[in-house]
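Trainee: Here the protein sequences come in this chain order: A and R. Under this note's numbering, residues -11 to 796 are what the first sequence spells out, in order. Under this note's numbering, residues 6 to 111 are what the second sequence spells out, in order.
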Amino acid sequence: MKKKLVMIGNGMAGVRTIEELLKLQPDGYDITIFGNEPHPNYNRIMLSTVLQGDKSIEDIIMNDWDWYKGNSIQLYTGEAVVGIDKQKKQVISDQGRLLDYDELIIATGSSSFILPVPGSDKKGVVGFRDIHDCEMMIKDSKKYKKAAVIGGGLLGLEAARGLLNLGMEVDVVHLMPHLMERQLDETASGMLRKELENQGMNFLLEKQTAEILGEERVTGLRFSDGSEIQADLIVMAVGIRPNVQLAKDNGIYVNRGVVVNDYMETDVPNIYAVGECAEHREIVYGLVAPLYEQGKVLAANLAGIPTNPYEGTICGTQLKVSGCDLFSAGEIGDDEGTKSIKVHNEFDGIYKKIVIRDNMIAGIVLYGDTKDSNRLFRMLTKREDISGMTSVSILEASGCCGGGGEAGDVKAMADDELVCGCNGVTKGTIVEAIRTNELTTVDEVGGCTNAGRSCGRCKSLISDILAFTLGDQYDTSAKKAGICGCTTLSKDEVVAEIRAKGLTNVREVMNVLGWSQEEGCSKCRPAINYYLGMVHYDGYKDERDSRLVNEKMHANIQKDGTYSVVPRMYGGVTTAADLKKIAEVAEKYNVPLVKLTGGQRIGLFGVNKDDLPAMWEDLGMPSGYAYGKTLRTVKTCVGEKFCRFGTQDSMGLGIQLEKKFERLDTPHKVKMGVSACPRNCAESGIKDIGFVGVDGGWEIYIGGNGGTDLRAADLLDTVKTKEEALEITGAYLQYYRETAAYLERTAPWSERMGLEHVKEVLADENMRKQLNERLDKTLERYNEPWQEAIQDNGIKEKYYQIRSVTVE
Amino acid sequence: MQMTKVRINVADYHSLPVGTGQAVTVNGENIVLFKITNGDVKAVENRSPHRKGGTLADALVSGNFIYCPVYDLKISLDDGKVQAPDTGEVKTYHVEVIENEVYITI
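1) Output the boundary residues of the alpha helix (DSSP H) element that contains residue 276/A.
2) Beta-carbon within less than 6 Å of residue 326/A's beta-carbon, same chain only, minus the 5 sequence neighbours each way: which residues are those?
3) Report the residue from 92/A, 64/A, 135/A, 143/A whose alpha carbon sits nearest the alpha carbon of residue 101/A.
4) Looking at the secondary structure, which residues open and close the beta strand (DSSP E) in which residue 333/A lies?
5) May I have a chain-ordered list of the alpha helix (DSSP H) segments no shorter than 4 residues that lie completely inside the stretch 34 to 111 of chain A?
6) Give me, in chain order, the residues of the same chain whose beta-carbon lies closer than 7 Å to that of residue 40/A; leave out the 5 immediate sequence neighbours on both sides.
7) Find out if the Cβ-Cβ distance for the pair residue 46/R, residue 31/R is shorter than 8 Å.
8) Go ahead and label residue 335/A buried or exposed: buried means 16 or more other beta carbons lie within 10 angstroms of its beta carbon, across all protein chains shown.
9) Under 8 Å by Cβ, that's how I've got residue 404/A and residue 412/A pegged, so tell me the actual separation to the nearest angstrom.
10) Which residues in chain R sit within 7 Å of residue 334/A, going by Cβ to Cβ distance?
11) So who's on the other strand from residue 805/A, going by DSSP bridges?
12) Report yes or no: do three or more beta-carbon pairs, one from the stretch 287 to 301 of chain A and one from the stretch 130 to 144 of chain A, lie closer than 8 Å?
13) Only counting the same chain, and skipping five residues up and downstream in sequence, which positions put a Cβ closer than 8 Å to that of residue 291/A?
14) Hey, does residue 6/R have any beta-carbon neighbour from chain A nearer than 8 Å?
15) Does the separation of the CB atoms of residue 230/A and residue 98/A fall below 8 Å?
16) Please state the DSSP three-state secondary structure of residue 425/A.
17) Note down, one range per segment and in chain order, each beta strand (DSSP E) of at least 3 residues found wholly within the stretch 46 to 81 of chain R.
18) Go ahead and pull the three-state DSSP assignment for residue 17/R.
19) How would you call residue 722/A, buried or exposed, if buried means at least 16 neighbouring beta carbons within 10 angstroms?
20) I'd like to confirm something about residue 263/A: is its beta-carbon nearer than 7 Å to some heavy atom of the ligand COA, or not?
21) Taking 8 Å as the cut-off, decide whether the C-beta atoms of residue 724/A and residue 654/A are in contact.
22) Name the one or two DSSP bridge partners that residue 99/R has.
23) Select from 740/A, 657/A, 598/A the residue whose C-alpha is nearest the C-alpha of residue 27/R.
24) Distance check for residue 502/A and residue 564/A, CA to CA, integer angstroms please.
25) Between the C-alpha atoms of residue 180/A and residue 113/A, what's the straight-line distance to the nearest angstrom?
26) Given that residue 795/A touches chain R, what residues does it touch there, using C-beta distances under 8 Å?
27) Give the residues of chain R in contact with residue 738/A, contact being defined as C-beta atoms less than 8 Å apart.
28) Assign residue 54/R to one of two classes, buried (16 or more other C-beta atoms within 10 Å of its C-beta) or exposed (fewer than that).
29) Against chain A, with Cβ distances strictly below 8 Å, would residue 86/R count as a contact?
30) Drop a sphere of 10 angstroms on the beta-carbon of residue 773/A, count the other beta-carbons inside from all chains shown, and report buried for 16 or more, exposed for fewer.
31) Enumerated in chain order, which unbroken segments of the beta strand (DSSP E) with a length of 3 residues or greater are wholly contained in the stretch 682 to 715 of chain A?
32) Below 7 Å between beta carbons is the criterion; list the residues of the stretch 775 to 786 of chain A that meet it against any residue of chain R, in chain order.
33) Which of the residues in the stretch 543 to 554 of chain A, read from start to end, lie with their CB under 8 Å from any CB of chain R?
34) Report yes if the CB atom of residue 620/A is closer than 8 Å to the CB atom of residue 657/A, and no otherwise.
35) Which residue marks the beginning of the alpha helix (DSSP H) containing residue 316/A, and which one marks its end?
36) What residues in the stretch 527 to 543 of chain A bring their beta carbon closer than 9 Å to a beta carbon of chain R?
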């Protein structure tokens, strides 16, 4: 005879336990479930998407009525258990239903914590916990205008976003000085706040609610500092409280939650607790991933199958608000035992912080770019030793421009690695499901394995696994990636065809080589233009409209559509007269920001497009390629002229290099550095090509990079004179130009080619000469684009004019 | 209040360049005109549908599509829609060319 299993609660953790149990032992129990709410099991995590209008309530039902029926589960909805008789092993419901059990699961979940302030019982005060709360907010939004959300944590912000979508004005009240302080450090929190303010939220930080105002219905809030705001709807999102009353009243040991051991057993035989009502090793979890892990252990326990104990979970969280990509896990603060890697890219609104303790990742904060969250979170939970890794390889699986990081990530994943932490689904399970069931979409994978069906954070990884797995079944020709989506031809094939067929312009290349998009895309057009210029070094007419925007405009575009002007300062050296001129121009054109750039120059930022030609004319200096795929700057130290350590004329060599190689098109940007002594003040060891003065000569370093993929340069050669240095540089640059793919920097290029190979090529005198000849021909081709723009009205009108039409 | 739509002359057809956008402000409204390779003129609001905004005037133009210069979103000039996998939309305007004059309805 089957044993009787009763579960009190019909939420995510409990039902997941039953699902797991059915998998392990389909016929072991007669199952009865009591649910307070009138609905079948739904995905509580997705409530914010219902509130935000992205999903309907039906969309978030996880197990519909048919599921209960199909699994012969007796479900009583809208009915609460009010008593447990431990001796008789019976429960009684509020409708007087008396039921025997052999095993009893308490899965009563939690409720919104309602602040015990005067007035919190008034109409219009709501938590954010269940469908009923959601429905009430949606209903109230039709009648009222002003909402206040108390709590600037995950839930509060998701609720606030929802209320904005419902057309309400929203004030978010938070006790702490920054938002989501448990998950984010100050920087990330500040960025989040700014983004949400842009979306229309208003924040009242460091405010303690003292009283809720109003007669029968709320009209506002009063804070402890005496200030007040108006509000017709108040959402309490300050935390959750485990529902433990039933357990407590019936003599089950309760601390904050129902206390359980590593097998989810309470102190009473045959009674278990799981989910948000349970307290395990003094922790009550409010996120889904640990609850599912608990469910798995409990299911095995109930099925009598030996299982590893549940030992607690490290949680990762993400905010489900559009426009805010953020992920956080583990420790976010610093202390004496931690070191952290931080990247703060204000231009793109990206912030990353990795906290490291004992050579392991202990915490992650990602804002603006969360694509590496799965990988980092895996490293954190697996306690991977990172002592052999560079800071950059920790931060990024692969380079930013080449793409493919996630695919490489997938390949490197072991089969037993978790993809969906919420549902405990591994890569192996997903791959297996894709293969056996011929799945082709993320949703199908979710339907089969449950992966991605909870918080959804892993969906991009699932999609990569799909691509990776299905890719293997395609024939190899279909798998090969071309230079962009318009072709299957690789860079080498395109260049070979240009040479073999004598192709001379971008349109022709695309036509002859059968491009799928007739006029190409933003990836192939600039690349083809570059390859054509490289192949036809002695006379190619550059196609300006195929250039990336900064090169097309010869000025650096900023995110607001303005541009920057960065006058050339050869070797970082200027004069008082030039400085004066720059200052006058900055004043004349009301330049909002004058800033020293990282490359030893003065940048004028925030210039209107239609002011550019006139500014260039007034300056009378080249604007300096501060943005191009070309030689940027040659950074120098002050050298032998002034420095007491300098052994060489670093400024002199720097200026010569910059004057010789400026304007040269290269596959990617090129930076140089010249230091007069091994103290290396010009940071020559992280440049594409760097020179370090030693007694009697120069050491030449190549393939360094101080950018995203940090890489120390390799020693190429040591030479005696500046002339030799210039000759080697020319040959090196030309060899890079001829063999690198467009957008491939010298650092990955040198690794791909091999230092020894590059050394060999450059050591060959004949080769060096030929490379330099082709380079010199190329250099002859260039004009000074700023002079051209000043002199040519056609260019001015086509690229720099803004028309204005006024109609009465 | 319902605004009446009006047809406004914004440019001389022959002076419009092919290959890049031409920014024009019409009563303060920022618009960008694209004369595409087949000679048609398209007009869209001069603001990238990316959440961080930005200009579209200096976009790379490919047939009926442009690539937002700041964030590289691929946008259809016909309906203003951002192509998969991104989403978003930019406002488009009705364009007519009558006797070498370009008119848009606004």
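Don't be surprised by glycine CBs; every beta carbon is placed ideally from N, CA and C. Note that the structure is a prediction, hence the values are computed from the model and not measured.
Mentor: In short:
1) Reading the first sequence from its first residue, position 288 is the one you call residue 276/A. Residues 276 to 291.
2) Reading the first sequence from its first residue, position 338 is the one you call residue 326/A. Cβ neighbours of residue 326/A beyond the five flanking positions: 343, 345.
3) The residue labelled residue 101/A in the question sits at position 113 within the first sequence. Comparing Cα-Cα distances from residue 101/A to each of 92/A, 64/A, 135/A, 143/A, the minimum goes to 143/A.
4) Taking the first sequence and counting its residues from 1, one reaches residue 333/A at position 345. 326 to 333 is the span of the beta strand (DSSP E), which, as asked, contains residue 333/A.
5) 35 to 39, 53 to 58
6) Working through the first sequence from its first residue, we reach residue 40/A at position 52. So the list reads 149, 150, 153, once near-sequence residues are dropped.
7) Within the second sequence, numbered from 1, the residue matching residue 46/R stands at position 41. Within the second sequence, numbered from 1, the residue matching residue 31/R stands at position 26. Contact: no.
8) Residue 335/A sits at position 347 when you count from the first residue of the first sequence. Under this definition residue 335/A is an exposed residue.
9) Looking up residue 404/A in the first sequence gives position 416. Looking up residue 412/A in the first sequence gives position 424. The pair is not a contact, with the Cβ atoms about 11 Å apart (cut-off 8 Å).
10) Counting from 1 along the first sequence, the entry for residue 334/A is found at position 346. Residues of chain R passing the Cβ test: none, with the nearest at roughly 12 Å.
11) No answer is possible for residue 805/A: the residues shown for chain A start at -11 and end at 796.
12) no
13) Taking the first residue of the first sequence as position 1, residue 291/A is located at position 303. 9, 12, 13, 16, listed in sequence order.
14) Numbered from 1 along the second sequence, position 1 holds the residue referred to as residue 6/R. Note on residue 6/R: pLDDT 47, under 50, position unreliable in the model; no value is reported.
15) Here residue 230/A refers to the residue found at position 242 when the first sequence is read from its first residue. Here residue 98/A refers to the residue found at position 110 when the first sequence is read from its first residue. Their beta carbons are under 8 Å apart, which means residue 230/A touches residue 98/A by this criterion.
16) Residue numbering aside, residue 425/A sits at position 437 when the first sequence is read from its first letter. Helix at residue 425/A.
17) 46 to 50, 65 to 67, 70 to 72, 79 to 81
18) For the purposes of this step, residue 17/R is taken as residue 12 along the second sequence, with counting starting at 1. DSSP places residue 17/R in strand when its eight states are reduced to three.
19) In the first sequence, counting from the first residue as 1, residue 722/A sits at position 734. Counting Cβ neighbours within 10 Å, residue 722/A comes out buried, since at least 16 surround it.
20) This structure lacks the ligand COA; in fact it carries no ligand of any kind.
21) Working through the first sequence from its first residue, we reach residue 724/A at position 736. Working through the first sequence from its first residue, we reach residue 654/A at position 666. Against a cut-off of 8 Å, the Cβ pair of residue 654/A and residue 724/A comes out as a contact.
22) Translated into positions along the second sequence, residue 99/R becomes position 94. Answer is 110/R.
23) For the purposes of this step, residue 27/R is taken as residue 22 along the second sequence, with counting starting at 1. Per the Cα distances, 598/A.
24) Position 576 of the first sequence holds residue 564/A. Position 514 of the first sequence holds residue 502/A. One C-alpha to the other measures close to 56 Å.
25) In the first sequence, counting from the first residue as 1, residue 180/A sits at position 192. In the first sequence, counting from the first residue as 1, residue 113/A sits at position 125. Rounded to the nearest angstrom, the two C-alpha atoms are 26 Å apart.
26) For the purposes of this step, residue 795/A is taken as the residue at position 807 of the first sequence. Correct list: 11, 13, 31, 32.
27) The residue you call residue 738/A lines up with position 750 of the first sequence. What residue 738/A touches in chain R: nothing, since even the nearest Cβ is about 27 Å away.
28) Residue 54/R sits at position 49 when you count from the first residue of the second sequence. Counting Cβ neighbours within 10 Å, residue 54/R comes out buried, since at least 16 surround it.
29) Counted from its first residue, the second sequence places residue 86/R at position 81. Chain A, which has no Cβ nearer than 8 Å to the Cβ of residue 86/R, makes this no.
30) Here residue 773/A refers to the residue found at position 785 when the first sequence is read from its first residue. That one is buried.
31) 685 to 690, 702 to 707
32) 786
33) 545, 547, 548, 549
34) Mapped onto the first sequence, residue 620/A falls at position 632. Mapped onto the first sequence, residue 657/A falls at position 669. Cβ atoms of residue 620/A and residue 657/A: closer than 8 Å.
35) One-based indexing of the first sequence puts residue 316/A at position 328. From DSSP, residue 316/A is part of no alpha helix (DSSP H) but of the beta strand (DSSP E) over 314 to 318.
36) 531, 532, 533, 534, 535, 536, 537, 538, 540, 541
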